[in-house]
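Colleague: First the structure, which I've put down as structure tokens, then a few questions once you've had a look.
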């Protein structure tokens, strides 16, 4: 992605030792640095100011090893997610993490932000898929834990400190990722509901009925469903309008025929029992693409207003229906707000909102933020499920973290980066 | 478990605030403390010396909440694992972590040691099942992150620092655990092999063929298989002796009939292709118990020698056959060693060894340790897959962690516990 920025310099290390040398000098001179990968982040975590040096990992793009027996791939930080997908395809393996920006997002950035996406429910977020990590600390110390092992209780599991820390505690240079056997069957279906309670029951019903093969369970609220399949989009609605909720679910299995029959049976039983209102099963590869394009490509939702605010919140799955009703009501009552589109990875408790406005007035922006974030405080939700805090959400960090937690985070930051050179000004006010 | 110990005092807090008050006083007076749960640890992590105060969490045993819709359970640290299993049974849910000591092990200890067990392959270790955590720091500060959410990228994920830190960075007082839908079908089979390479191919074959339902894949080497089913045990061998490796595998699915047929088909195809030598499928609930008792109850292996050394190592699955051959050869050539039993959670790269000796001579013990741990260094293995370091393995920590890693761990310890009161003398030399 071409994002213009001003910086003191851009350095392009070719090795971990290069990164170490650069950081040592910057540390000694208290020179702030910002790491750049694919620049697909959504929280402003790679924003640069003119006095900062950018370290771009784009030249470190070696796939160092693919181990079919231990089912691992070892890559440098600059390798793009889609390159990982492609590299393991011919081995009958998959790297299951998947999201829209896969053609640009780099592994270093994906680790640093603990990215999620469409199949977290089954395979977990990036954190769950990193077996080993190499990180360079602020002072240039190289921490090499590039192991191919799944279980390691030999003292503190340091990698988790760096995963999701948005470049503020160390620079990720390499990673060992876990691979999975490629599935042989795929089934997708759209299902309609008018009550959120029935969505939750259906999630439990399908999860039980598809034991282990359910890999995606997305929910799209009515207005977002219409917005994604209207004349502003090239995608048609798989189910007619008029329902309140639309679930898109996916199973990845091993027996094309048996898995399809199982899905059909579960859906027809649910219809018969009156637990779902309507359903359509993908009949072909092009149906799969159709269904998933509707959910994955949310660009059409950005064409309804002059200005938008995007949200990535997390809350307990059981509470989503009620809380989102409240949020939607509050938000749409704000003068200047034109619409509120809601959709998300409901099985993981992760909801996205696209809120359209007629102005980018600061007070309006703040009112919208408050309306979305305020209800999360009391119920133990999060202002960021998968995008991170960056600069965009740092004034709302205290809505999902206690003062004691933030204090402890700052203590860690100070301990690992005493001169505050690693991505300063991010995450914390 | 009744383990006699001498301590300055034993305190039995009834609340998180009690724990906080106790720690604040101990911190101010540099009084070392050791946390006690079910005392089922295998690395000496709860050993006490006479100048230490024991904090036992056994009075904090409330199950605070079961949320069927969000599929979580919130418990105090003193709740026993089996109590969690039983509490969710009637809701059609399971807490999937399972291991032999489930009747005594307490959640606080399980979190602190990041315990694993028999179904890690499918459901992950304790780390993967903890959604929220409440921890008291050395100075009494309460860090409350008791959230029911699956995804939370609002800055550093602090819970991972405490999970697996063996009580050296904080005291776990409560946890929110993730629940799963209870499976409706269970299939177990024993399968025989003479080559390790074929075991790995079979793992990949079954993992692909059972897409998502494979929940356990245990390997037992010939001598251990014989040791577990000989006259010293009440368990008979499900497959005849004479093969080199015995796999015990398990699938947990949703359709009793279809799942059974799928397993049968996969096994009969593998037999026909000559990829496996023999197989037997559990035909009844008592067969399941029989098969799994053979693997779970390893007590019979402790009856063959006067002295034993137990190991819990981790290495890449692809390398296990070759490396364990080397280790077995080296170990059994040591004078004083009588046998070397090997078995483990092979799909997770975790192998256990029971090495019998005719003496508890210190030099012999050290020679055995070296023979097992030395080969792990070069291949990026671990001296502890799931039991932790405690006191028993601290002189071998440097075999699985670099000096830079250990230095960073010590920095964390010093930052979080400056007066070194939390379980001092554990993990680090």
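Chains as they are written, first to last, in the numbering used here: chain G, 56 to 484; chain R, 56 to 484. Note that the Cβ used here is the ideal one computed from N, Cα and C, for glycine as well. Just so we're clear, the structure is a prediction, and the values are computed from it rather than from any experiment.
For residue 406 of chain G, would you say it is in contact with chain R, using Cβ-to-Cβ distances shorter than 8 Å as the test?
Modeller: Walking along the first chain from the start, residue 406 of chain G turns up at place 351. Closer than 8 Å: no.
Colleague: Check whether the Cβ of residue 447 of chain G lies closer than 8 Å to any Cβ atom in chain R.
Modeller: Here residue 447 of chain G refers to the residue found at position 392 of the first chain. So, not an interface residue.
Colleague: With burial defined as no fewer than 16 other Cβ atoms inside 10 Å of the residue's Cβ, what is the status of residue 68 of chain G: buried or exposed?
Modeller: Within the first chain, the letter at position 13 stands for residue 68 of chain G. Classification for residue 68 of chain G: buried.
Colleague: Which value, in whole angstroms, describes the spacing of the CA atoms of residue 333 of chain G and residue 244 of chain G?
Modeller: For this step, residue 333 of chain G is matched to residue 278 along the first chain. For this step, residue 244 of chain G is matched to residue 189 along the first chain. So the alpha carbons of these two residues sit roughly 10 Å apart.
Colleague: Kindly list the residues whose CB is nearer than 6 Å to the CB of residue 199 of chain R, restricted to its own chain and excluding five residues on each side of it in sequence; keep chain order.
Modeller: For the purposes of this step, residue 199 of chain R is taken as residue 144 along the second chain, with counting starting at 1. Same-chain partners within the cutoff: 189.
Colleague: If you measure beta-carbon to beta-carbon, which residues of the segment 206–223 of chain R are closer than 7 Å to chain G?
Modeller: 206, 207, 208, 209, 210, 211, 212, 213, 215, 216, 219 and 220
Colleague: Report buried or exposed for residue 462 of chain G, applying the criterion of at least 16 other Cβ atoms within 10 angstroms of its Cβ.
Modeller: As a first step, residue 462 of chain G is located in the first chain; it is residue number 407 there, counting from the start. Residue 462 of chain G should be labelled exposed.
Colleague: Drop a sphere of 10 angstroms on the beta-carbon of residue 481 of chain G, count the other beta-carbons inside from all chains shown, and report buried for 16 or more, exposed for fewer.
Modeller: Reading the first chain from its first residue, position 426 is the one you call residue 481 of chain G. That one is buried.
Colleague: Which class does residue 60 of chain R belong to by DSSP, given the choice of helix, strand or coil?
Modeller: As a working mapping, residue 60 of chain R is identified with position 5 in the second chain. Three-state DSSP puts residue 60 of chain R in coil, outside helix and strand.
Colleague: Return the chain-ordered ranges of every alpha helix (DSSP H) run that is complete within the segment 177–217 of chain G and spans a minimum of 4 residues.
Modeller: Taken in chain order, the complete alpha helix (DSSP H) segments of 4 or more residues contained in the segment 177–217 of chain G are 181–184 and 214–217.
Colleague: Which value, in whole angstroms, describes the spacing of the CA atoms of residue 351 of chain G and residue 154 of chain G?
Modeller: Start at 1 with the first residue of the first chain, and residue 351 of chain G comes out as number 296. Start at 1 with the first residue of the first chain, and residue 154 of chain G comes out as number 99. Distance between the alpha carbons of residue 351 of chain G and residue 154 of chain G: 8 Å.
Colleague: If the cut is a Cβ gap below 7 Å, which residues of chain G does residue 438 of chain R touch?
Modeller: Position 383 of the second chain, counted from the first residue, corresponds to residue 438 of chain R. The contacting residues are 209.
Colleague: Are residue 113 of chain R and residue 96 of chain R closer than 8 Å when you measure CB to CB?
Modeller: Translated into positions along the second chain, residue 113 of chain R becomes position 58. Translated into positions along the second chain, residue 96 of chain R becomes position 41. It is not a contact, given that the beta carbons lie outside the stated cut-off.
Colleague: Any chance the segment 409–429 of chain G sits against the segment 369–379 of chain G, with 3 or more Cβ pairs inside 8 Å?
Modeller: no
Colleague: Looking at chain R, which residues of the segment 253–273 of chain G have a Cβ within less than 7 Å of any of its Cβ atoms?
Modeller: 255, 259, 262, 263, 264, 265, 266, 267 and 268
Colleague: Is the CB-CB distance between residue 195 of chain G and residue 75 of chain G below 8 Å?
Modeller: Locating residue 195 of chain G in the first chain gives position 140, where the first residue counts as 1. Locating residue 75 of chain G in the first chain gives position 20, where the first residue counts as 1. Yes, Cβ-Cβ distance for residue 195 of chain G and residue 75 of chain G is below 8 Å.
Colleague: Helix, strand or coil: which one does DSSP assign to residue 241 of chain G?
Modeller: The count along the first chain starts at 1 and reaches residue 241 of chain G at position 186. In this structure, residue 241 of chain G counts as strand in the three-state DSSP scheme.
Colleague: Would the segment 311–318 of chain R count as touching the segment 270–284 of chain R if we require 3 or more Cβ pairs under 8 Å?
Modeller: no
Colleague: I need the straight-line Cα distance from residue 83 of chain G to residue 191 of chain G, nearest angstrom please.
Modeller: If you number the first chain from 1, residue 83 of chain G lands on position 28. If you number the first chain from 1, residue 191 of chain G lands on position 136. Going by the C-alpha atoms only, they are around 15 Å apart.
Colleague: Whole angstroms is fine: what's the gap from residue 56 of chain G's alpha carbon to residue 392 of chain G's?
Modeller: Residue mapping note: residue 56 of chain G aligns to position 1 of the first chain, counting from 1. Residue mapping note: residue 392 of chain G aligns to position 337 of the first chain, counting from 1. Reliability of the predicted coordinates at residue 56 of chain G is poor, the pLDDT of 49 falling under 50, and no value is obtained from them.
Colleague: Am I right that residue 477 of chain R and residue 101 of chain R are in contact with their C-beta atoms under 8 Å? What's the rounded C-beta distance?
Modeller: For the purposes of this step, residue 477 of chain R is identified with residue 422 of the second chain, where counting begins at 1. For the purposes of this step, residue 101 of chain R is identified with residue 46 of the second chain, where counting begins at 1. Separation of the CB atoms of residue 477 of chain R and residue 101 of chain R is rounded to 13 Å, and the pair is thereby denied contact status at 8 Å.
Colleague: Does DSSP put residue 298 of chain G in a helix, in a strand, or in coil?
Modeller: Position 243 of the first chain, counted from the start, is the residue given in the question as residue 298 of chain G. Of the three classes helix, strand and coil, the one that applies to residue 298 of chain G here is coil, per DSSP.
Colleague: Going by DSSP, name the residue or residues bridged to residue 288 of chain R.
Modeller: Counted from its first residue, the second chain places residue 288 of chain R at position 233. Paired residue(s): none; residue 288 of chain R is not in a bridge.
Colleague: So with Cβ pairs under 8 Å, would you call residue 56 of chain R a contact of chain G?
Modeller: Position 1 of the second chain, counting from 1, holds the residue named residue 56 of chain R. Reliability of the predicted coordinates at residue 56 of chain R is poor, the pLDDT of 49 falling under 50, and the value obtained from them is presented with this limitation in mind. Judged by the 8 Å Cβ criterion, residue 56 of chain R is not in contact with chain G.
Colleague: Exposed or buried, residue 381 of chain G, counting other C-beta atoms within 10 Å across all chains shown (16 or more means buried)?
Modeller: Mapped onto the first chain, residue 381 of chain G falls at position 326. It is exposed - the Cβ of residue 381 of chain G has fewer than 16 other Cβ atoms within 10 Å.
Colleague: Taking the alpha carbon of residue 412 of chain G as the point to measure from, which residue in G:404, G:406 and G:422 has its own alpha carbon closest?
Modeller: Along the first chain, read from residue 1 onward, the residue named residue 412 of chain G stands at position 357. Closest by alpha carbon: G:422.
Colleague: Is residue 131 of chain R close to chain G? Criterion is C-beta to C-beta, closer than 8 Å.
Modeller: For the purposes of this step, residue 131 of chain R is taken as the residue at position 76 of the second chain. No, no contact with chain G.
Colleague: Using 10 angstroms around the beta-carbon of residue 249 of chain R, count the other beta-carbons present and answer buried if the total reaches 16, otherwise exposed.
Modeller: Position 194 of the second chain, counting from 1, holds the residue named residue 249 of chain R. The residue in question, residue 249 of chain R, is exposed, as its Cβ has fewer than 16 Cβ neighbours within 10 Å.
Colleague: Give me the DSSP bridge partner(s) of residue 276 of chain R.
Modeller: Sequence index remark: in the second chain, residue 276 of chain R carries index 221 (1-based). Paired residues: R:300.
Colleague: Please list, in chain order, the chain G residues whose beta carbon lies closer than 9 Å to that of residue 443 of chain R.
Modeller: Taking the second chain and counting its residues from 1, one reaches residue 443 of chain R at position 388. Per Cβ cutoff of 9 Å: 208, 209 and 210.
Colleague: Can you find the residues in the same chain that come closer than 6 Å, C-beta to C-beta, to residue 162 of chain G, ignoring five residues on each side of it along the sequence?
Modeller: The sequence position of residue 162 of chain G within the first chain is 107, counting from 1. Within the same chain, residue 162 of chain G has close Cβ partners 130, 132, 134 and 230.
Colleague: Anyone know if the C-beta pair for residue 273 of chain R and residue 302 of chain R falls short of 8 Å?
Modeller: Indexing the second chain from 1 puts residue 273 of chain R at position 218. Indexing the second chain from 1 puts residue 302 of chain R at position 247. Result yes, Cβ atoms of residue 273 of chain R and residue 302 of chain R sit closer than 8 Å.
Colleague: In three-state DSSP terms, what is residue 132 of chain G?
Modeller: What you label residue 132 of chain G is simply residue 77 of the first chain in a count that begins at 1. Here residue 132 of chain G sits in coil by DSSP.
Colleague: Kindly say whether residue 457 of chain G, judged by its beta-carbon, lies nearer than 8 Å to any beta-carbon of chain R.
Modeller: On the first chain, position 402 is the one that residue 457 of chain G refers to. Chain R, which has a Cβ nearer than 8 Å to the Cβ of residue 457 of chain G, makes this yes.
Colleague: Ignore the nearest five residues each way along the sequence and tell me which others in residue 447 of chain R's own chain have a CB closer than 6 Å to its CB.
Modeller: Locating residue 447 of chain R in the second chain gives position 392, where the first residue counts as 1. If the five residues before and after residue 447 of chain R are omitted, its C-beta is found closer than 6 Å to the C-beta atoms of 98 and 99, all from its own chain and listed in chain order.
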